[in-house]
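Chemist: Quick note, the sequences are listed as chains A and B, same order. In short: position in the first sequence from 1, add 101, done, that's the working numbering. In short: position in the second sequence from 1, add 101, done, that's the working numbering. In this text, a Cβ means the ideal position worked out from N, Cα and C, and glycines have one as well.
Number of protein chains: 2
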Amino acid sequence: MKSEFELINRIRDQVAGRIDLDLVLGIGDDAAILREQTGRETLVTVDFLVEEIDFKLEYTPPRWLGHKVLAVSLSDIAAMGGRPRYSLLTLGISKTGLNSDKFWEEVFEGYFALAGKYGLILIGGDISSTPDRLAIDSIVIGHCRQGGAIRRSRAIAGDEIFVTGRIGASAIGLKMLEMGARVNEKEAGLLQNALRAHLRPEPRVIFGSLIGELDLAHAMIDVSDGLAQDLGRICEESGVDAIIDRHLVPVADESILVTDDPERAFSFAMSSGEEFELLLTASRKSEGKLMKLAEDCHVLLTRIGEITKKSNDSATVMLRQDGQVKPMLFSGYDHFINL
Amino acid sequence: MKSEFELINRIRDQVAGRIDLDLVLGIGDDAAILREQTGRETLVTVDFLVEEIDFKLEYTPPRWLGHKVLAVSLSDIAAMGGRPRYSLLTLGISKTGLNSDKFWEEVFEGYFALAGKYGLILIGGDISSTPDRLAIDSIVIGHCRQGGAIRRSRAIAGDEIFVTGRIGASAIGLKMLEMGARVNEKEAGLLQNALRAHLRPEPRVIFGSLIGELDLAHAMIDVSDGLAQDLGRICEESGVDAIIDRHLVPVADESILVTDDPERAFSFAMSSGEEFELLLTASRKSEGKLMKLAEDCHVLLTRIGEITKKSNDSATVMLRQDGQVKPMLFSGYDHFINL
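(1) Alpha carbons only, please: which of B/418, B/258, B/318 is nearest the one belonging to residue 332 of chain B?
(2) Taking 8 Å as the threshold (C-beta atoms), are residue 356 of chain B and residue 273 of chain B in contact?
(3) Within 10 angstroms of its Cβ, does residue 412 of chain A collect 16 or more other Cβ (buried), or is it exposed?
(4) Measuring straight from C-alpha to C-alpha, what distance separates residue 229 of chain B and residue 151 of chain A?
(5) Determine whether the Cβ of residue 181 of chain A lies closer than 8 Å to any Cβ atom of chain B.
(6) Buried or exposed for residue 117 of chain A, going by 16 or more other Cβ atoms inside 10 Å?
(7) Quick one: grab the DSSP three-state call for residue 416 of chain A.
(8) Okay, do the region 315 to 324 of chain A and the region 395 to 404 of chain A touch, 3+ Cβ pairs below 8 Å being the bar?
(9) Does the ligand GTP have even one heavy atom less than 7 Å from the beta-carbon of residue 373 of chain B?
(10) Spatial neighbours of residue 236 of chain B within its chain, please: CB distance less than 6 Å, with the 5 preceding and 5 following residues excluded, ordered by chain position.
(11) Buried or exposed for residue 185 of chain A, please, with buried defined as at least 16 other CB atoms from any protein chain shown within 10 angstroms of its CB.
(12) Per DSSP, what kind of secondary structure is residue 434 of chain B in: helix, strand or coil?
(13) Could you run through the region 204 to 230 of chain A and flag, in chain order, every residue whose CB is less than 8 Å away from some CB of chain B?
(14) Quick one: which unbroken beta strand (DSSP E) runs of 3-plus residues sit fully inside the region 297 to 349 of chain B? Chain order, please.
(15) Could you list which residues in chain A have their beta carbon closer than 7 Å to that of residue 272 of chain B, in chain order?
(16) Using a cut-off of 7 Å between C-beta atoms, extract the partners of residue 142 of chain A located in chain B.
(17) Residue 362 of chain B touches chain A at which residues, Cβ-Cβ below 7 Å?
(18) Given a cut-off of 8 Å on the beta-carbon distance, is the pair residue 265 of chain A and residue 171 of chain A in contact?
(19) CB-CB under 7 Å to residue 247 of chain A, same chain, minus the five flanking residues each way: which ones, in chain order?
(20) Any beta carbon from chain B within less than 8 Å of residue 156 of chain A's own beta carbon?
(21) Under 8 Å, Cβ to Cβ, is there at least one residue of chain A near residue 305 of chain B?
(22) Quick check on the DSSP output: the beta strand (DSSP E) that includes residue 147 of chain B runs from which residue to which?
(23) Compute the distance between the beta-carbons of residue 379 of chain B and residue 309 of chain B, then report whether it is under 8 Å.
(24) How far does the beta strand (DSSP E) with residue 286 of chain A in it extend, from its first residue to its last?
(25) With distances taken from CA atoms, which of B/163, B/129, B/125 is nearest residue 112 of chain B?
(26) Going by beta carbon distance, what residues of the same chain come within less than 6 Å of residue 240 of chain A, once the five residues before and after it are set aside?
(27) Counting only runs of 3+ residues fully inside the region 373 to 401 of chain A, write out the beta strand (DSSP E) ranges in chain order.
(28) If we cut at 8 Å on Cβ distances, does residue 302 of chain B have a partner in chain C?
(29) At 9 Å on the CB atoms, spell out the chain A contacts of residue 189 of chain B, in chain order.
(30) Taking residue 307 of chain B as the reference, give the member of B/163, B/175, B/256 with the closest Cα.
(31) Tell me, which residues are paired with residue 236 of chain A by DSSP?
(32) Whose Cβ in chain B lies nearer than 7 Å to the Cβ of residue 153 of chain A?
(33) For residue 298 of chain B and chain A, any beta-carbon pair shorter than 8 Å?
(34) From the DSSP output, in three-state form, read off residue 292 of chain B for me.
(35) Note down the Cα distance separating residue 293 of chain A from residue 164 of chain A, rounded to an integer number of angstroms.
(36) Report yes or no: is there a C-beta of chain B within less than 8 Å of the C-beta of residue 111 of chain A?
Quick look at the structure:
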């Protein structure tokens, strides 16, 4: 990279001429300007991805890195039942190593392809160099109608629990990458699916925003730290317990890559982070509409359990299996657990 | 640091119970929720600070680091004539080194002291570890009335040019730090002033927001890359030229620390970045009101030149000295100029 300004100009070119009713001013001033509207709410989320910690360049195609950086934030807005509209992007570009022009072109290609898919406009950001490693902070701003956001804290005893997609492929993809597997876009099959699930997740943008618009869920979160742990968060914030039906959970086919023991596959799936599937609770009477919506959006939606009254002081996620109900021991991902 | 969650909980405690009419939901869900209002506009800015590149822990008191991280973004909102309302904070915490609990407590102390001064509420953020160095991304969201933001692009030939404060102390502070000078909060004098100017800048929050509210400027920017270069940006975006009167520019007294040659002091001041003073252009008839407002805000405001018609293809900043007008050769700070 020759210059910060050059990079900024290249990004400016990419978003120039975008017309949007609520965007008063995008990139190019001290701050971006967005029009507000009574009856609407702004949603803001930010996700920080750091080389060597959150991704490795060694096995991440640059286009997929650009995609994922945005995908994780889109997923947050979807999990609020909102519609993503604008993004900001902070780049910490390492002075050493892999920052060729080609690398950045591919990162932006991935980023803007996903942004374009959902009509998102990049309205700002910042660039700094870093001494060692690449770091990217992704900010997405969305909208929902007033009072329409789906929070984590509104699950009600009696709600059914649903999850989109199949669970576990992301953790398996990561494991395979660590074992030396690499992306080959010409190949198909379970291995490449798993790598793709981890490196190039598809956020449930349309389905999530429609759930919000149609008010079909009480609580929603995206699976970023593992289904069990994220469901635990809904329980904690809502003051409820949850029971998951072991046999209902849609475990990803890719689990066969690492184990033929269904119990191990299940545990692995329940603690698989970065799935970016939506986990939601809804009243029984919404099930029909939810299933219809999922079908219309070509999203697999599975009922996996129910919300129950809180049985003791701390919120508990229980597992129902072979007629027995036991507290579930779950583990998720904590960046500092190893410090 | 024992855990990401612990750190998040500590931050949550710090902002718990804050009441704000437009804040629907702060920290703790997939995204923050802000109420919108017709007739108002949202301003968004982001600033990335990286250890060893943008700051060195070796000479930065942690409290001042927390202060500065927020100050740079507040300054951006002020430069739009907006009122800062909310912030988000991304922390990349290095696995090695200086991340003691005490260090973070002091960083937050500085951050929240400045936030509290202007009634700002932290509504979100993200935390990741980094392999080597600390990295902090600061996001601030503000408001202005519809159409009320002061852009860089609206300077008009005939406008007068004003700047707040005195220019140059930040670059001198940085130079002194590099030469081995260190902060001593018990000491007073030019040296400590210069260090403070660089390490703990005071953004012009109230003055900037009132300029926007009272519609007193045509164009505004904060001095972050050097007065000459930032004025060049206004010229470029507005399609005008500018003349600076050499003898009107308020050069910081601290320049005496590095040179007794007024010419060198002036050049140094004109390219001093991270000043976070406001540079604005306004019609002649606004001068009285501007000066009165500055006085009310206890801000030094100086007229330093005028905006003129564009004389050739590229916008030019000229310098008027001893009856002569010459194009100014300015240099500013480009993070990648050395790559």
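Modeler: Taking the definition as stated:
(1) B/418
(2) yes
(3) Result: exposed.
(4) 7 Å
(5) yes
(6) By the neighbour-count rule (16 or more Cβ atoms within 10 Å), residue 117 of chain A is not buried but exposed.
(7) coil
(8) When Cβ pairs closer than 8 Å are counted between the two stretches, the region 315 to 324 of chain A is seen not to touch the region 395 to 404 of chain A, the count staying below three.
(9) What this structure holds is no ligand at all, so the ligand GTP is not there to describe.
(10) 151, 193
(11) buried
(12) Here the model assigns residue 434 of chain B a pLDDT of 43, short of 50, so the residue's position is not dependable and the matter cannot be decided.
(13) 224, 225, 226, 227, 228, 229, 230
(14) 320 to 323, 341 to 346
(15) Here the premise fails: no neighbours, minimum Cβ distance about 18 Å.
(16) In chain order, 125, 134, 135, 136, 137 make up the part of chain B whose C-beta sits under 7 Å from the C-beta of residue 142 of chain A.
(17) Result: empty, since nearest Cβ-Cβ is about 31 Å, beyond 7 Å.
(18) no
(19) 140, 141, 142
(20) no
(21) no
(22) 141 to 151
(23) Contact: yes.
(24) Note, residue 286 of chain A: premise wrong, no beta strand (DSSP E); not H, not E.
(25) B/129
(26) Answer for residue 240 of chain A: 147, 189, listed in chain order.
(27) 379 to 383
(28) Looking at the structure shown, chain C is missing, and the protein chains on hand are A and B.
(29) 145, 146, 147, 240
(30) Nearest option by C-alpha distance: B/175.
(31) Answer is A/151, A/193.
(32) Ordered by position in chain B, the residues that pass the 7 Å Cβ test against residue 153 of chain A are 232.
(33) no
(34) helix
(35) 16 Å
(36) So no, residue 111 of chain A is outside the interface.
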